[in-house]
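Going by the numbering used here, the first residue of the sequence shown is number 8, and it counts up by one from there.
Idealized CB from N, CA, C, for every residue including glycine.
Computed from a predicted model, the values in this text were never measured in an experiment.
Take a look at the structure below.
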Amino acid sequence: MKKTIKIIAMILIAACAYSLAPVAGLYLSSDPAPYTNSQASEKLKANKGNYFEFIVLSDIHAGLIFDDSAALKVVRSINREGRFKKVPIDFVATAGDNTFRGSAWDYRIYNRIRSQVSCPVISAMGNHDEDKDDGSLFRKYVGKKDLSFTDRNSYFIVIDNISGNMTDGQFADLEEDLKKSSGYAHRFIIMHKPPVAPYFQSWYRPEGNTWSYRFMKLCEEYKVDIVFSGHEHIFKAKEFGGVKYLTSGGGGMPTQIPGAGGAFLHYTVVKVYNDYIDYEVRRIFPPIWEFFGYYMWSDIFYFLKDALS
Ligand SMILES: [Fe+2]
Numbered sequence: 008m009k010k011t012i013k014i015i016a017m018i019l020i021a022a023c024a025y026s027l028a029p030v031a032g033l034y035l036s037s038d039p040a041p042y043t044n045s046q047a048s049e050k051l052k053a054n055k056g057n058y059f060e061f062i063v064l065s066d067i068h069a070g071l072i073f074d075d076s077a078a079l080k081v082v083r084s085i086n087r088e089g090r091f092k093k094v095p096i097d098f099v100a101t102a103g104d105n106t107f108r109g110s111a112w113d114y115r116i117y118n119r120i121r122s123q124v125s126c127p128v129i130s131a132m133g134n135h136d137e138d139k140d141d142g143s144l145f146r147k148y149v150g151k152k153d154l155s156f157t158d159r160n161s162y163f164i165v166i167d168n169i170s171g172n173m174t175d176g177q178f179a180d181l182e183e184d185l186k187k188s189s190g191y192a193h194r195f196i197i198m199h200k201p202p203v204a205p206y207f208q209s210w211y212r213p214e215g216n217t218w219s220y221r222f223m224k225l226c227e228e229y230k231v232d233i234v235f236s237g238h239e240h241i242f243k244a245k246e247f248g249g250v251k252y253l254t255s256g257g258g259g260m261p262t263q264i265p266g267a268g269g270a271f272l273h274y275t276v277v278k279v280y281n282d283y284i285d286y287e288v289r290r291i292f293p294p295i296w297e298f299f300g301y302y303m304w305s306d307i308f309y310f311l312k313d314a315l316s
């Protein structure tokens with residue numbers, strides 16, 4: 008019996024060490040040249056045909072070993088999406104909190120993780136991406152915080168709303184973009200903070216701010232297909248006024264609420280097929296060392312909490 012326990016323990020330790028190897032490799036790797044959002048979106052201009060996919064994830068929070076290890080697993084899965092070459096995966100978009108706390112180290116690690124993605128990555132600004140400065144690191148590694156770009160039959164708008172608000176200037180730009188998008192089959196918006204709380208027990212309550220309703224009415228008026236966001240480290244899908252609101256914030260950082268509430272490591276794949284769209288959520292099992300070091304205990308905690316309350 009003792010021998011069996013010893014063998015199982017050794018297998019688990021070996022599996023944990025094996026699951027740590029990719030993140031060790033990441034920290035020992037060199038820094039690739041960063042590229043901006045504009046450079047990434049430029050690569051989409053030559054795309055032809057209206058059958059394609061793109062991927063959205065958020066809240067990688069790069070720069071912390073837990074987050075980086077998980078994000079590498081997410082990236083490996085993303086890179087396997089195109090293995091059958093049936094549908095082109097045009098790009099990946101992040102909805103912000105790309106870095107743990109916006110330090111130079113965090114940006115370097117984010118840039119290394121991003122360089123492993125097999126297609127261009129367009130990154131929105133998150134509230135933790137300028138914790139350490141006035142946004143100069145974001146400008147260096149990512150470029151514009153607000154931008155719009157097109158890919159095939161779709162129009163994409165990226166908005167910086169990390170203040171928890173949108174200025175009148177941003178609303179004017181958004182409406183201008185939405186008017187321009189009328190010649191396209193689809194409109195998608197990517198922003199860090201969701202305009203409506205995705206989780207009823209959430210601490211984040213955007214509905215108390217005037218921008219949220221104004222923004223949602225504009226999305227409804229111009230028939231936006233999906234508004235993607237992060238900020239909350241969960242997956243939740245809502246629909247208001249014919250517009251889908253997806254919070255997809257499980258890109259790397261350990262999630263803090265029970266998995267049943269939508270808190271799990273994941274990314275979202277969006278399929279565009281002419282005038283149709285669809286999406287799938289890819290749930291990723293965390294690296295083994297992280298499962299035994301955190302997620303297993305978190306699940307046990309919530310199980311006991313529910314069972315004993
Ligand atoms: Fe976050």
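Is the separation between the beta-carbon of Thr262 and that of Val63 shorter than 7 Å?
No. Outside cutoff.
* Asked: Whole-angstrom Cβ separation of Met198 and Ala102, contact assumed at under 8 Å?
  -> 7 Å
Tell me where the alpha helix (DSSP H) around Lys278 begins and ends. It is not in any alpha helix (DSSP H) - Lys278 instead sits in the beta strand (DSSP E) that spans 273 to 280.
**Message:** Any heavy atom of ligand 1 closer than 6 Å to the beta-carbon of Asp104?
**Reply:** Yes, the beta carbon of Asp104 sits closer than 6 Å to at least one heavy atom of ligand 1.
**Request:** For my contact list, Met99 and His193 are in at a C-beta cut-off of 8 Å; report their separation, rounded to the angstrom.
**Result:** Checking the displayed sequence, the identity of residue 99 turns out to be Val instead of Met. About 17 Å; that fails the 8 Å criterion.
Does the Cβ of Asp66 lie closer than 6 Å to at least one heavy atom of ligand 1? Result yes, Cβ under 6 Å from ligand 1.
Short of 6 Å in beta carbon distance, which residues of its chain neighbour Asn134, apart from the five on each side in sequence? Order them along the chain. Ile169
**Asked** For Tyr114 versus Leu144, is the C-beta spacing smaller than 7 Å?
**Response** yes
Can you name, in chain order, every residue of its own chain whose Cβ lies under 7 Å from the Cβ of Glu137, other than the five neighbours on each side? Gly109, Phe145
- Query: Going by DSSP, which residues form a beta bridge with Ser236?
  - Reply: Thr254
Same chain only: Cβ atoms within 8 Å of Arg212, ignoring 5 sequence neighbours per side
Ala204
So what's Met8 in DSSP terms, helix, strand or just coil? The answer is coil: DSSP assigns Met8 none of H, G, I, E or B.
- For the beta strand (DSSP E) that contains Lys243, what are its first and last residues? 242 to 247
If I'm right that Ile120 touches Ile67 with Cβ under 8 Å, what's the distance once you round it to whole angstroms? 7 Å
(Q) Short of 8 Å in beta carbon distance, which residues of its chain neighbour Asn281, apart from the five on each side in sequence? Order them along the chain. (A) Asn57, Tyr58, Asn160, Ala192
Checklist entry - To the nearest angstrom, how far is it from the Cα of Asn105 to the Cα of Glu227? => result 28 Å
Exercise. Touch check for the region 283 to 302 and the region 22 to 40: three-plus C-beta pairs under 8 Å?
Worked result: yes
Query raised in the report: Between Gly269 and the rest of its own chain, which residues show a CB-CB distance below 6 Å, the 5 nearest in sequence each way excluded?
Result: So the qualifying residues of the chain are Ile241, Phe242, Lys243.
ask   = Can you tell me where the beta strand (DSSP E) with Ile196 in it begins and where it stops?
value = 193 to 198
- Query: Taking buried to mean at least 16 other C-beta atoms within 10 Å of its own C-beta, is Thr254 buried or exposed?
  - Reply: Thr254 counts as buried, since no fewer than 16 other beta carbons sit within 10 angstroms of its beta carbon.
Please report the residue range of the alpha helix (DSSP H) in which Asp74 lies.
72 to 88
### Start and end residues, beta strand (DSSP E) containing Ser316
Unbroken run through Ser316: none, as it is neither H nor E.
With H, G and I counted as helix, E and B as strand and the rest as coil, what does DSSP make of Tyr162? strand
message = Just to confirm my understanding: we take Asp38, look at its own chain, exclude 5 residues before and 5 after, and list those with CB closer than 8 Å. What are they?
response = Arg115, Asn118, Arg119
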